[in-house]
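Worksheet: the structure to be examined is printed underneath.
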Amino acid sequence: MAPLGAAMLVQYSPMKSELELTATDGVQIPISWFPEDAGGEGAPASAVGADEEQTCRASLLLLPALGIRASLYDKLGAQLAQAGIATCVMEQRGHGRSPLSPERGDDFGLDDILEYDVPVLLDWLEAQRPGVPLVLAGHSLGGHLATIACGRHPDRVSAVLHLACAFPHFRDYPLRTAARVLLLTTIVPPLTRLRGHYPGKRFGFGGDEARTLMTQWSQWARSGKFGVGRVRHPEEMTARFRGPVLSLAFERDDMVSPQAIGRARSPFSGARVTRRVLGAAEQGEFLGHPAWAKQPDGVVAAASAWVEHE
149 MAPLGAAMLV QYSPMKSELE LTATDGVQIP ISWFPEDAGG EGAPASAVGA
199 DEEQTCRASL LLLPALGIRA SLYDKLGAQL AQAGIATCVM EQRGHGRSPL
249 SPERGDDFGL DDILEYDVPV LLDWLEAQRP GVPLVLAGHS LGGHLATIAC
299 GRHPDRVSAV LHLACAFPHF RDYPLRTAAR VLLLTTIVPP LTRLRGHYPG
349 KRFGFGGDEA RTLMTQWSQW ARSGKFGVGR VRHPEEMTAR FRGPVLSLAF
399 ERDDMVSPQA IGRARSPFSG ARVTRRVLGA AEQGEFLGHP AWAKQPDGVV
449 AAASAWVEHE
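Numbering (my numbering), first residue to last: 149 to 458.
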């Protein structure tokens, strides 16, 4: 595991690529790949010219939020690449270019993503940029997966980045929100048994999600514990992670609370945690739970500075 700040020289390569990897259970994992472009438009002023060799400051694997396609993060990936951070965005099972479809009866859980997808993605990213620090990042639900995964792979992950990451435990929210969360967790099991999947587009929360995944999410929301399915006692494993953690929250985000953000960070008892809330000064009008990703200037500035100093 390379520490943040360690770097190697690579050739300038500005193109986004859409690729597919194969998970260990045989499922195809589409990814969006943004090689570092430290001399490109939007790069730090200190970056060298595009005709010279560039420094790859870090590689970053981003795990999306519930129901979100990888394409939402295209600007984030491109801007991180321009800042010298080679970025890989995973397409979540059942969304975007994924071959799986909950509506057609494909079923999978959060533990499948952690067991079958994430190790393959780490293998691939390490092979693309050997010897550089690897940042495991996640937006919302993806942040919880990153929290668990860094405890399972502490020798492979240098740092963790949370983006609008708040654990869904109902007790961490105001009464009205807590009641809605509890109602949803009550509805999910019978609804998914009846329909075979969770029709999130009709409910206005998440997308059309796999039955097992939403059942496990409901267990999170009721218990306040990270363990689901085959994932046992992840808090104990993550407590051993010693790398830096950056938690970025956003103003005007009605899907989080300070207590829920705190619970999302709570397994990192042995890590160096930096907490920031980005507002209009950093993000302009692009605030809130998903909207920050449409123009992530403040996120990129904060993440880039953190990588540089950690």
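Don't be surprised by glycine CBs; every beta carbon is placed ideally from N, CA and C.
For Ser207, the first and last residue of its enclosing alpha helix (DSSP H): Premise fails: Ser207 lies in the beta strand (DSSP E), Ala206 to Leu211, not in any alpha helix (DSSP H).
Three-state class that DSSP yields for Phe318 in the structure shown: helix
For Thr203 and Ser366, the rounded distance between their alpha carbons: 43 Å
Three-state secondary structure (DSSP) of Gln431: helix
Length-filtered (3 minimum) beta strand (DSSP E) runs lying within the stretch 276-301: 282-287
Boundaries of the beta strand (DSSP E) in which Val448 is found, first to last residue: No beta strand (DSSP E) contains Val448, which is instead part of the alpha helix (DSSP H) from Asp445 to His457.
For Trp181: DSSP bridge partner residues: Ser165 and Cys236
Collapsed DSSP secondary structure at Pro438 in the structure displayed: coil
Length of the line joining the Cα atoms of Thr235 and Ser452: 12 Å
Rounded C-alpha distance that separates Phe351 from Tyr321: 19 Å
CB-CB length for Val393 against Ala419, believed under 8 Å: 5 Å
Contact check, Thr360 vs Asp254, beta carbons under 7 Å: no
Assigned secondary structure, Ser366 (DSSP; H/G/I helix, E/B strand, else coil): helix
7 Å CB neighbourhood of Leu249 in its chain, flanking five on each side removed: One detail in the question is off: residue 249 reads as Ser in this sequence, not Leu. Hits under 7 Å: Gly242.
First and last residue of the uninterrupted alpha helix (DSSP H) at Asp222: Asp222 to Gln230
Beta-carbon gap between Ala171 and Val268 smaller than 7 Å: yes
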